[in-house]
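Worksheet: one structure, shown below.
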Amino acid sequence: MSESQNSRFPFYGPQGRLVLVDSALEAVSRGATTIGIKTPNFAMIASQIKPTHPLMEPSEKIFPIDFHIGATGAGYIGDILQLIDTLRLESQKHRLTYETPIDVDSLAKHLSSFLHNFTSYAVRPQAASMIIVGEDQTGVQLYQVDPSGTFFRGSGFAIGQASDAALEVLTREYNKDMQLDQAIELGRKVIEKALGEKPIVETGIIEPGKAFRKIRTENA
Amino acid sequence: MTTIVGIKTKDGVVLGSDRRASKGFFIGSKIVQKIAKIDDTLAVAIAGQLSDAEYIIKLAKAERRLMELRRGFPLTIKEATRLIANIAYSGLRNYQPYYVELLVAGVDREGAHVFAADMSGAITEEDFASSGSGSPIAYGVLESLYNKEVTNSQASEIASRAVSAAMERDPGSGNGINILAIPNLQKEVVA
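If you read the sequences in order, they're chains L and E. So for the first sequence, the numbering used here puts the first residue at 3; every next one is plus one. So for the second sequence, the numbering used here puts the first residue at 3; every next one is plus one.
Take a look at the structure:
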């Protein structure tokens, strides 16, 4: 490889991977353990709140996006907040343009194309994976969107620190007939097992016809 | 100029129009199609500047298809009307108003809807509505013949009577009638 090729801006690495996106994903995997669970009757998101020092109020991790949608993320909190604002803006834009609440699919696709832009130019891809829950004309929805712009729809996701272990527990214990309180308990358990310690968890819930709402479970 | 009417019925919506295009005191065309079908469930009746209306409808048609492809299910009638009204309002705000009055009518999962929209960007939902220079006359007929229980075929007759009454006395309207009825097929499946 010549000198000029070596000093080129590193989009693709030698294996054909996007180096900057991989770095962003690495940053995400060091973020707070965060999960999403969906059943036909509800969906919930839960995120670990990393303990800081006693005099500091822990930061918010579950974000209402619109009446019927909520989101959370793992990664750099600054990036997460920017993406949350993008989501809120897009859902209000939809209300202006069509006078109706946005559907979750459109919102996830918007976030995906927003993030994808950062993979095409010499800028820093956003170090945040996001989980979006909501309810729309097509029912209860759960999405995960990654820094690459990839998005997934499904019934259970885990991102952030120890997400592999969390997803393993979640996959094993998931049951589409479970009740909301069981899911909230499962969310806490999944994060606890993945981390190997009792976490502070913030939870967000969406049920059909009801507003997105948050609950916090302290070191229970 | 023009007379257009829209009627919401028990089993869908009906749109009616005359066929005259005026160029001042001259009849520019006697066979104008003032009812534009956007797809099988949505249609728009046009009063005003034809070129402006055609442009708005083309834009709305494209946006509607795009939205349906992106999110996987179509815009409701209200969403489509708000979209059209926003285009109209953007013209007003730029001091280049789209010189139009539109009746947007169709069926969606919530049932049948008739909306009236104009260049101000305002929309109102109506049981029946009329626009254009012949509308005061058409409204007289609609007010006396309409009831909430009409069917599409009865409403087609009412629309036709309303437009022909307007054509008798309004010099801006004439040269025959077009009627479009959109049945609410989803409702039939449920019932």
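Every residue gets a Cβ at the ideal spot worked out from N, C-alpha and C, and that includes glycine.
Cut-off 6 angstroms between Cβ atoms - residues of its own chain near residue i, not counting five sequence neighbours on either side
i: T78 of chain E; result: D110
i: I125 of chain E; result: T83, A87, F117, A119
i: V171 of chain L; result: V192, K195
i: V192 of chain E; result: Annotation note: pLDDT 45 at V192 of chain E (below 50); position unreliable, coordinate value reported separately. For V192 of chain E, where only same-chain residues beyond five positions count, there are no Cβ hits under 6 angstroms.
i: K63 of chain E; result: I40
i: A114 of chain E; result: K10, G14, V15, N186
i: A55 of chain E; result: I48, V102
i: R215 of chain L; result: I207
i: M3 of chain E; result: S24, S135, G174
i: F1 of chain E; result: Nothing can be reported for residue 1 of chain E: it is not among the residues displayed for chain E, which extend from 3 to 193.
Inter-residue Cα distance where the pair is residue i and residue j
i: L71 of chain E; j: V165 of chain E; result: 37 angstroms
i: R218 of chain L; j: D183 of chain L; result: 13 angstroms
i: Q163 of chain L; j: G14 of chain E; result: 55 angstroms
i: F241 of chain L; j: R67 of chain E; result: Because chain L spans 3 through 222 in this model, residue 241 of chain L falls outside it and cannot be assessed.
i: M69 of chain E; j: I39 of chain L; result: 28 angstroms
i: K111 of chain L; j: L91 of chain L; result: 14 angstroms
i: I71 of chain L; j: S146 of chain E; result: 47 angstroms
i: D20 of chain E; j: N180 of chain E; result: 6 angstroms
i: T99 of chain L; j: F154 of chain L; result: 26 angstroms
i: A130 of chain L; j: H118 of chain L; result: 12 angstroms
i: D24 of chain L; j: Y97 of chain E; result: 50 angstroms
i: G26 of chain E; j: S133 of chain E; result: 19 angstroms
i: L104 of chain E; j: S53 of chain E; result: 13 angstroms
i: L144 of chain L; j: G156 of chain L; result: 6 angstroms
i: D87 of chain L; j: R97 of chain L; result: 15 angstroms
i: L20 of chain L; j: P12 of chain L; result: 8 angstroms
Span of the beta strand (DSSP E), counted from its first residue to its last, around residue i
i: I143 of chain L; result: At residue 143 of chain L the sequence reads Gln, which differs from the Ile that was named. That run of the beta strand (DSSP E) goes 141 to 147.
i: R155 of chain L; result: 153 to 155
i: N180 of chain E; result: 179 to 185
i: P138 of chain E; result: Segment 137 to 147 is the alpha helix (DSSP H) holding P138 of chain E; no beta strand (DSSP E) there.
i: G189 of chain L; result: Run containing G189 of chain L: none in the beta strand (DSSP E); it sits in the alpha helix (DSSP H), 182 to 197.
i: A55 of chain E; result: Careful: A55 of chain E lies outside any beta strand (DSSP E), inside the alpha helix (DSSP H) at 52 to 73.
i: Q50 of chain L; result: 44 to 51
i: A38 of chain E; result: 37 to 41
Residues near residue i in its chain [Cβ-Cβ closer than 8 angstroms; skip 5 each side]
i: E128 of chain E; result: G8, K10, V116, F117, A118
Whether residue i touches residue j by CB criterion (8 angstroms)
i: I193 of chain L; j: F159 of chain L; result: no
i: D166 of chain L; j: Q128 of chain L; result: no
i: S114 of chain L; j: G151 of chain L; result: yes
i: I47 of chain L; j: I64 of chain L; result: yes
i: M169 of chain E; j: T5 of chain E; result: yes
i: I58 of chain E; j: V102 of chain E; result: yes
i: E45 of chain E; j: V34 of chain E; result: Looking at the sequence shown, residue 45 of chain E is not Glu but Ala. Contact: no.
i: N154 of chain E; j: A183 of chain E; result: yes
i: S135 of chain E; j: S175 of chain E; result: yes
i: A167 of chain E; j: I139 of chain E; result: yes
i: G75 of chain L; j: V106 of chain L; result: no
Start-to-end residues for the alpha helix (DSSP H) that takes in residue i
i: Q17 of chain L; result: It is not in any alpha helix (DSSP H) - Q17 of chain L carries neither H nor E in the DSSP assignment.
i: D105 of chain L; result: Note, D105 of chain L: premise wrong, no alpha helix (DSSP H); not H, not E.
i: G1 of chain E; result: Because residue 1 of chain E is not part of the residues shown, which for chain E are 3 to 193, the question remains open.
i: T74 of chain L; result: Looking at the DSSP string, T74 of chain L is not in any alpha helix (DSSP H); the run it does join, the beta strand (DSSP E), is 71 to 77.
Sequence-distant residues of the same chain with beta carbon closer than 7 angstroms to residue i, five excluded per side
i: G123 of chain E; result: A87, N88, A90, Y91, L94
i: A38 of chain E; result: A45, V46, I48, I59
i: A168 of chain L; result: T35, I37, A160, V192, I193, A196
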